[in-house]
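In the UniProt record's numbering, the protein residues as written are 1 to 85. Backbone N, C-alpha and C define an ideal beta-carbon position, used for all residues, glycine too. Reading through the structure tokens given below for one structure.
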């Protein structure tokens with residue numbers, strides 16, 4: 001595992017996603033739905049995915065994007081990818 005790649009941490013993930021979405025980290029609760037609660041559109045979602053892929057050194061296939069519904073779910077999916085890299 002490369003030392004350059006960030007380790008996955010829920011609070012850090014919250015900060016990263018909040019920054020991309022241009023919202024306060026406090027607004028990004030673990031189970032706030034990205035689309036329904038935070039009004040994330042497909043372009044914003046893609047931007048989040050690109051940032052996460054670069055930061056954590058993982059690839060998120062387009063087929064899995066629909067599973068990234070909230071922060072806790074994104075964390076679970078990323079955790080599995082980070083452990084598998």
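Simplified DSSP assignment, three categories, for residue i
i	result
residue 85	coil
residue 59	coil
residue 98	Past the boundaries of the shown model lies residue 98; the chain is included only from 1 to 85, so the question cannot be answered.
residue 28	coil
residue 53	helix
residue 3	Bear in mind that the predicted position of residue 3 carries a pLDDT of just 46, short of 50, making it too unreliable to give a figure here.
residue 40	coil
Exposure label - residue i; buried when at least 16 CB within 10 Å
i	result
residue 58	buried
Anticipated Cβ contact below 8 Å, residue i with residue j, distance rounded
i	j	result
residue 64	residue 46	About 13 Å separates the two Cβ atoms, so there is no contact after all.
residue 17	residue 48	6 Å
Run of the alpha helix (DSSP H) containing residue i, from where it starts to where it stops
i	result
residue 16	10-21
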